[in-house]
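Chemist: Just dropping this structure here.
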Amino acid sequence: MASSQPTPTRMELNRLKKKLATAVKGHKLLKDKRDELMREFLDLVRVNMELRQKVEEGIRQANVNFVVAKADMSEEILQAALMAPKQDAELSTTFRNVMSVNVPVFDYNTRTPDPNDIYSYGFAFTSSDLDGAVRSLSDVMQDMLKLAEVEKSCQLMAAEIEKTRRRVNALEHVTIPETREGIKYITMKLDENERSSQIRLMKVKDMMLEEAHHYKERA
Amino acid sequence: MSKIAVMGDYDSIYGFATLGLDTFPVNETEEAAKLLKRLSANEYGIIYITEELAASLDKEIKVYADVPVPAIIQIPGIKGNTGAGINGVKKSVEQAVGSDILFGGVSSEEGETK
């Protein structure tokens, strides 16, 4: 199986044995990593799906509300009302390490703590539907933020799991068997060499004895 | 401190401005691609993008798949839900597990028909 046969020397044998030990250890570690990542991923992706459905429904609802609000006002007034937002969102990003995958954790801060600052307009010229629409969108915001965090984490973890799985498989099905094969080949070759030199020595001894004592002539 | 951006057609995203998010109305693919690059370089932590726009920016979005920030998240636009967001979740399950074992493995067919 090994594409190029290793040179049958003791040095190579030692090298391969070390390689095998490392590969087996690495395989075990990577397998554990994959299993743990998978466990976390499966939990997280369920949350992801739930959040996504919730957010999509929320945004759909908000869009409906906005359309209703828009129908009640002229385009200019609406644009003017939303032109200068009072609220300003800031995002602080920290990272969490899940099995060597860096996933972001988002923390969302508004410039002012007052929840009513989302209404960036005077109430005189806008329809009350707009208030409801803005409100409904603001309600979705927390979930949208959570969704961003969870979905990004899921994507990153999925990529890492795929990579780890490939590595585990490569070790399990290629590196480890190939190294074992190499070790077997070298041991057999070395044994063979040893036997052949043993036989050679025996033959030589026979010949030397024959030379000294001339058994054949005496017989 | 980073910020949050929303990209898409004007009608889908104008409401987000009231929440303090930065809205960037775009319609053309090329312009959107440039904008996406600029926003990512400018320390936007989260970029929400409408599904319609995201569909044409597949390649540009994939660039940011391996880095922790920015998180590019698809949201449904005003024209309705295309299912692309849900599909994205299914895709990551498929990528991780090998096949979609959680949400019924129909994601690839759905992605093509819609």
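In order, the protein sequences belong to chains A and B. Sequential numbering from 3 applies to the first sequence in the working numbering. Sequential numbering from 916 applies to the second sequence in the working numbering. C-beta: ideal position from N, C-alpha, C; glycine also.
(1) With A/SER94 as the anchor, note down where its alpha helix (DSSP H) starts and where it stops.
(2) List the residues of chain A that B/ALA920 touches, going by C-beta distances under 8 Å, in chain order.
(3) Identify the continuous alpha helix (DSSP H) that holds A/PHE68 and give its terminal residues.
(4) Run the CB neighbour count on A/TYR217, radius 10 Å, all protein chains shown included, and call it buried at 16 or more, exposed below.
(5) Identify whether B/GLU1027 lies in helix, strand or coil by the three-state DSSP scheme.
(6) I want to see whether chain B comes within less than 8 Å of A/GLN89, judged by CB atoms only; does it?
(7) Is there a C-beta anywhere in chain A that falls below 8 Å from the one on B/GLY923?
(8) Would DSSP call B/PHE931 helix, strand or coil?
(9) Could you tell me which residues DSSP puts in a beta bridge with B/THR938?
(10) So if DSSP puts A/PRO106 in a beta bridge, which residue, or which two residues, is it bridged to?
(11) Within 10 angstroms of the Cβ of A/ILE201, are there 16 or more other Cβ atoms? Answer buried if so, exposed if not.
(12) Could you check whether B/PHE931 and B/VAL941 sit closer than 8 Å to each other, using their CB atoms as the reference points?
(13) For A/THR95, I'd like the list of residues in its chain whose CB is within less than 8 Å of its CB, leaving aside the five on either flank, ordered along the chain.
(14) Whose C-beta lies closer than 6 Å to the C-beta of A/MET13 among residues of the same chain, with five residues either side of it excluded?
(15) Using three-state DSSP, classify A/GLN81 as helix, strand or coil.
(16) Listed from N- to C-terminal order along the chain, which residues in the segment 58 to 73 of chain A have their beta-carbon within a distance smaller than 7 Å of any beta-carbon of chain B?
(17) Taking the alpha-carbon positions, what's the A/LYS88 to A/SER129 distance?
(18) Are B/GLY975 and B/GLN989 closer than 8 Å when you measure CB to CB?
(19) Within the same chain, show all residues whose beta-carbon is closer than 7 Å to that of A/GLU174, passing over the 5 residues directly before and after it, in chain order.
(20) Roughly how many angstroms lie between the CA atoms of A/LEU80 and A/GLU59, to the nearest whole one?
(21) Give a yes or no on whether 8 Å exceeds the smallest Cβ distance from B/THR933 to chain A.
(22) Please identify, using Cβ separations under 8 Å, the residues of the segment 124 to 147 of chain A that lie next to chain B, in order along the chain.
(23) Between A/ASP133, A/ASN118 and A/ARG113, which has its C-alpha nearest A/VAL70's C-alpha?
(24) Would you tell me roughly how many angstroms separate the C-alpha atoms of A/VAL225 and A/PHE127, rounded to the nearest one?
(25) Using the three-state DSSP reduction, which class does B/ILE964 fall into: helix, strand or coil?
(26) What is the DSSP secondary structure of A/ASN118, counted as helix, strand or coil?
(27) To the nearest angstrom, report how far apart B/GLY998 and A/MET51 are at their CA atoms.
(28) CA-CA distance, A/ARG137 and A/ARG167?
(29) In the structure shown, what three-state DSSP assignment does A/THR189 receive?
(30) Evaluate B/TYR929 with the Cβ neighbour count: other Cβ atoms within 10 Å of its Cβ, from every protein chain shown; 16 or more gives buried, anything less gives exposed.
(31) Shortest alpha-carbon distance to A/MET159 belongs to which of A/GLU78, A/ARG36 and A/GLN7?
(32) Closer than 8 Å, CB to CB, is B/PHE1018 near chain A or not?
(33) Under the criterion of a Cβ to heavy atom distance below 7 Å, does A/PRO117 qualify as lining the ligand GDP?
(34) Identify the continuous beta strand (DSSP E) that holds B/ALA986 and give its terminal residues.
(35) Name, please, each residue of chain B whose Cβ falls closer than 9 Å to the Cβ of A/ALA161.
Modeler: Reading it off the structure:
(1) First-last for A/SER94: 91 to 100, but that is the beta strand (DSSP E), not the alpha helix (DSSP H).
(2) Simply none; closest approach about 10 Å.
(3) According to the DSSP assignment, A/PHE68 belongs to the alpha helix (DSSP H) that extends over 12 to 73.
(4) So A/TYR217 counts as exposed.
(5) Residue placement at B/GLU1027 cannot be trusted, given a pLDDT of 39 that sits under 50; the coordinates are not used to answer.
(6) Closer than 8 Å to some Cβ of chain B, the Cβ of A/GLN89 qualifies, so yes.
(7) Interface with chain A (8 Å Cβ-Cβ cutoff): B/GLY923 is excluded.
(8) Reduced to three states, the DSSP call for B/PHE931 is helix.
(9) B/THR938 is bridged to B/VAL921.
(10) Under DSSP, A/PRO106 takes part in a beta bridge, and its partners are A/PHE97.
(11) Label assigned to A/ILE201: exposed.
(12) Judged by their CB atoms, B/VAL941 and B/PHE931 are not nearer to each other than the 8 Å cut-off.
(13) Contacts found: PRO106, VAL107, PHE108 and ASP109.
(14) Here the set comprises nothing.
(15) Assignment of A/GLN81 by DSSP, reduced to helix, strand and coil, places it in the helix class.
(16) Here the close residues are GLU58, ILE61, ARG62, ALA64, ASN65 and PHE68.
(17) A straight line joining the alpha-carbon of A/LYS88 with that of A/SER129 spans about 19 Å.
(18) The sequence shown places Glu at residue 975 of chain B, not Gly. No, the pair does not count as a contact, with Cβ atoms beyond the cut-off.
(19) Answer for A/GLU174: HIS29, listed in chain order.
(20) For A/LEU80 and A/GLU59, the distance between alpha carbons rounds to 24 Å.
(21) Yes, because at least one Cβ of chain A sits closer than 8 Å to the Cβ of B/THR933.
(22) Going along the segment 124 to 147 of chain A in chain order, one finds ALA135, VAL136, LEU139, SER140, MET143, MET146 and LEU147 with a Cβ nearer than 8 Å to chain B.
(23) That would be A/ASP133, whose Cα lies nearest to the Cα of A/VAL70.
(24) Given that chain A is displayed from residue 3 to residue 221, the structure contains no residue 225 of chain A and the question cannot be resolved.
(25) Of the three classes helix, strand and coil, the one that applies to B/ILE964 here is strand, per DSSP.
(26) DSSP, reduced to helix, strand and coil, places A/ASN118 within a helical segment of the structure shown.
(27) Using only the alpha carbons, I get a separation of about 12 Å.
(28) Straight-line Cα distance between these residues: approximately 45 Å.
(29) Under the three-state reduction of DSSP, A/THR189 is assigned to helix.
(30) It counts as buried.
(31) Of the listed residues, the one whose Cα sits closest to A/MET159 is A/ARG36.
(32) True, the Cβ-Cβ gap to chain A drops below 8 Å.
(33) In the structure shown, the ligand GDP is absent, as is every other ligand, since no ligand is present at all.
(34) It spans 986 to 990 - the beta strand (DSSP E) in which B/ALA986 sits, taken as one unbroken run.
(35) ALA980, ASP981, SER1007, GLN1010 and ALA1011, listed in chain order.
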